[in-house]
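Structure first, commentary second.
Residue numbers (this note's numbering): 6 to 282.
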């Protein structure tokens with residue numbers, strides 16, 4: 006049986022060899038796919054440009070082609086990159102287009118700051134309310150005239166203050182200090198009597214006050230009480246009549262203005278101080 010198998014294999018191999026050589030084309034009708042057949046060249050595109058190379062020459066030609074293809078690819082990439090760059094440069098970007106249409110943004114305008122005048126609201130952070138007085142009508146008019154070159158108009162105002170009058174039950178004035186002392190010794194002998202020496206105002210100096218009163222009727226009652234106690238030479242004098250006076254006020258005086266006001270000479274030696282509530 007082994008001999009039969011070997012014989013069959015030999016017959017099959019011989020038949021395959023004969024078919025591969027094309028000897029059985031007329032019998033079988035199926036031709037083998039031979040790479041050396043001339044009819045395959047007719048199916049090629051531009052068959053006239055095909056060159057058959059030997060195995061050694063084919064490897065050398067392949068290396069030459071790779072070497073020449075690399076610079077070409079590099080040049081092609083560079084030209085493509087240059088083309089893209091030139092097209093990007095020539096084509097306006099959206100930001101550039103919008104910039105050419107819209108005007109360039111301008112820096113916000115810095116508000117002009119006027120130089121702060123003394124006592125104005127621009128110095129409100131370091132300002133202080135100051136006032137001086139009280140002054141009578143003539144004194145106040147003189148003070149306002151001195152302030153006009155220093156402070157802007159409307160930066161100060163006035164506050165009216167009602168001043169009560171003052172009356173004394175008075176004795177004197179006496180010629181000298183000795184006579185004044187003798188009169189005081191006499192008054193000390195009257196029990197429960199209060200009195201004091203008058204030094205100001207100047208025209209009432211070297212006199213004696215038996216009482217100070219803010220109302221005329223109270224002064225009259227006090228004089229009658231002194232006469233009932235045997236004091237006949239006393240009389241009523243008016244030290245200050247009731248009046249309305251003016252207090253000058255700068256509600257927002259800057260530090261510089263406060264220094265300037267402090268250096269001013271005011272009537273009666275008065276000066277500026279913090280405003281009263």
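Positions of the beta carbon are idealized from the N, C-alpha and C atoms, including for glycine.
Using only alpha-carbon positions, find the residue among the options that is nearest to residue i.
i           : options            : result
residue 204 : 181, 198, 192      : 181
residue 196 : 173, 218, 141, 236 : 236
residue 246 : 167, 253, 266, 216 : 167
residue 173 : 32, 210, 215       : 215
residue 211 : 217, 202, 161      : 202
residue 131 : 261, 270, 11       : 261
residue 140 : 231, 227, 160, 248 : 248
Compare the beta carbon distance of residue i and residue j with 8 Å and say whether it is the shorter of the two.
i           : j           : result
residue 192 : residue 198 : yes
residue 133 : residue 258 : yes
residue 147 : residue 256 : no
residue 176 : residue 238 : yes
residue 263 : residue 135 : yes
residue 240 : residue 280 : no
residue 163 : residue 145 : yes
residue 138 : residue 275 : yes
residue 217 : residue 171 : yes
For the alpha helix (DSSP H) holding residue i, just list the boundary residues, first then last.
i           : result
residue 8   : 7 to 25
residue 221 : 221 to 233
How far does the beta strand (DSSP E) with residue i in it reach, from first residue to last?
i           : result
residue 175 : 171 to 176
residue 251 : 248 to 258
residue 164 : 162 to 168
residue 243 : 240 to 245
Please confirm if the segment 149 to 168 is in contact with the segment 218 to 229, defined as three or more CB-CB distances below 8 Å between the two stretches. Contact fails between the segment 149 to 168 and the segment 218 to 229, because fewer than three Cβ pairs, one in each stretch, are under 8 Å apart.
Run through the segment 178 to 216 for me and flag every whole alpha helix (DSSP H) of 4 or more residues, listed as ranges in chain order. Taken in chain order, the complete alpha helix (DSSP H) segments of 4 residues or longer contained in the segment 178 to 216 are 182 to 193.
Give the list of continuous alpha helix (DSSP H) stretches no shorter than 4 residues that lie fully inside the segment 131 to 160. You should have 142 to 152.
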